[in-house]
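Structure first, commentary second.
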Amino acid sequence: MTAPAAYQVSHLDALEAESIFVMREVVAEMERPVLLFSGGKDSIVMLRLAQKAFAPANIPFPVMHVDTGHNFPEVLEYRDQRVAELGLQLIVASVPEALAKGLVRESADGMRNRIQTPVLLDAVEKHRFDALFGGARRDEEKARAKERVFSFRDEFGQWDPKNQRPELWALYNGRHHPGESIRVFPLSNWTELDVWHYIARERIPLPSIYFAHEREVIERDGMLYAVNEFFRGRAGEQPFKAQVRYRTVGDASCTAAVRSDADTVEKVIEEVAATRITERGATRGDDRVSEAAMEDRKREGYF
1 MTAPAAYQVS
11 HLDALEAESI
21 FVMREVVAEM
31 ERPVLLFSGG
41 KDSIVMLRLA
51 QKAFAPANIP
61 FPVMHVDTGH
71 NFPEVLEYRD
81 QRVAELGLQL
91 IVASVPEALA
101 KGLVRESADG
111 MRNRIQTPVL
121 LDAVEKHRFD
131 ALFGGARRDE
141 EKARAKERVF
151 SFRDEFGQWD
161 PKNQRPELWA
171 LYNGRHHPGE
181 SIRVFPLSNW
191 TELDVWHYIA
201 RERIPLPSIY
211 FAHEREVIER
221 DGMLYAVNEF
231 FRGRAGEQPF
241 KAQVRYRTVG
251 DASCTAAVRS
261 DADTVEKVIE
271 EVAATRITER
281 GATRGDDRVS
291 EAAMEDRKRE
301 GYF
């Protein structure tokens, strides 16, 4: 009698199954989940996972973008197009509106990532969200590396890294009191390379900003910032044109590009496989404010 063939699950299939399980667990446990969607590659992958998790039904929760007002136009265009294609409810929590109302104040350096936090927390309270899907991955940054898949936040939206719940055997505890919430990271165990392999396999379209193109930039602190209405050169800084792409997409005032000739998904995969610097380490000026910049923001309620 012939032995049955061994059933093997690929690395990507295992990651996909884990993420889908997490999403279904949240919808089963929580009353008002929302998916944070900026038009970046990680949130785009989360949308695809949500489609698969609940097909043939529609995605059973809205998406929310915490809009700093400092956006790359290519990304906003993609965001609106994708939301329309999937028939999703888009909630925009606007930092410019909060500034106009005096709810937050512009930071001295002009970067708005930090003042996103009170705007996010205000939207969570207004819409009574009890679970927020985020696209953070553990390979991105050391504060994210030690955060759980289900990240408990108190009534002020704050995270205490010393008070995290165990997640043995993929058992996730979403219990919380009214006013508290859970940040949920389905892509925690993915890497940047995994994300790109999944994009290639699923043939997911992306904003053009992720692929090599010519752009006017300024070099500052070893990073290439695009010259735009939100970022101007200082005295002595000379703009120049370079072939670049973006590894991560965020606030245009603090997100840098990298030199690249990778103009297809396959070429990006080759490039990412060879790199030795994380995407945030290579491109995010807001993470260089201090050694614990990300953890400090998370303690305050950041993504």
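Each residue of the sequence shown is one higher than the one before, counting from 1 in full-length UniProt numbering.
The beta-carbon is built from N, C-alpha and C at its ideal position, and this holds for glycine as well.
Going by DSSP in three states, S151 sits in which element: helix, strand or coil? DSSP, reduced to helix, strand and coil, places S151 within a strand of the structure shown.
List the whole-angstrom C-beta distance separating A50 from L35, where the pair is believed to meet the contact cut-off of C-beta under 8 Å. 7 Å
Compare the Cα-Cα distances from E237 to each of P33, Y246, A226, R245 and report the closest residue. With distances taken between Cα atoms, E237 lies closest to A226.
Pick from T68, V272, Y172: whose alpha carbon is nearest that of E140? E140 has its Cα closest to that of V272, out of T68, V272, Y172.
Can you give me the C-alpha to C-alpha distance between A274 and R138, rounded to a whole angstrom? 19 Å
7 Å CB neighbourhood of E202 in its chain, flanking five on each side removed: R48
Spatially closest choice to V22 from A252, R259, V104, W169, by CA coordinates: W169
Do the segment 206–213 and the segment 51–68 touch if we need at least three Cβ pairs shorter than 8 Å? no
Is S290 buried or exposed, if buried means 16 or more other CB atoms sit within 10 Å of its CB? Only weak support exists for where S290 lies, its pLDDT of 47 falling under 50; the value from the coordinates is given anyway. Exposed, since its Cβ has fewer than 16 Cβ neighbours within 10 Å.
Could you tell me the alpha carbon to alpha carbon distance between P33 and F150, rounded to whole angstroms? 13 Å
Applying the 10 Å Cβ sphere with the 16-neighbour rule, what's the burial state of K241? exposed
Strictly by DSSP, which residues pair up with N228? F231
Is the segment 250–265 touching the segment 69–84, taking contact as three or more C-beta pairs under 8 Å? yes
Reference A14; option with closest CA among S107, H213, N113, W190: W190
Short of 8 Å in beta carbon distance, which residues of its chain neighbour L12, apart from the five on each side in sequence? Order them along the chain. D194, H197, Y198, R201
Taking the C-alpha atoms as reference points, what is the distance between G285 and A257? Confidence at G285 is low in this model, with a pLDDT of 49, below 50, so the placement of that residue is unreliable and no value is reported for it.
What did DSSP end up calling R245 once you bin it into helix, strand or coil? If DSSP states are grouped into helix, strand and coil, R245 belongs with the strands.
Starting from the N-terminal side, write out each stretch of the beta strand (DSSP E) that is 3 residues or longer and does not extend beyond the segment 3–70. 33–36, 63–67
Sheet register partners of I182 (DSSP bridge): A131, F152
Measure the alpha-carbon distance for V124 versus A143 and round it to whole angstroms. Between V124 and A143, the C-alpha separation is close to 22 Å.
Starting from A256, trace the alpha helix (DSSP H) in both directions and tell me its first and last residue. No residue range can be given for A256, since it is assigned to no alpha helix (DSSP H) and is classified by DSSP as neither H nor E.
Counting along the chain, where does the alpha helix (DSSP H) carrying E85 start and finish? 73–86
Output needed for S38: all residues of its chain with C-beta closer than 6 Å, excluding positions within five of it in sequence on either side, in chain order. H65
Rounded C-alpha distance that separates F152 from V119: Straight-line Cα distance between these residues: approximately 19 Å.
In or out: A93 buried (at least 16 other Cβ within 10 Å) or exposed? buried
Cβ-Cβ separation, S188 to G157 (assumed contact under 8 Å), whole Å: That pair is no contact at about 19 Å.
Could you tell me the distance, in whole angstroms, from the CA atom of K126 to the CA atom of Q89? 16 Å
In whole angstroms, what separates the C-alpha of P60 from that of E219? 44 Å
Just to confirm, is the Cβ distance from V95 to I204 under 8 Å? It is not a contact, given that the beta carbons lie outside the stated cut-off.
Would you call Q81 buried or exposed, if buried means 16 or more other Cβ atoms sit within 10 Å of its Cβ? It counts as exposed.
At what residue ranges does the segment 88–119 contain a whole run of the alpha helix (DSSP H), taking only runs of 4 or more? 95–101
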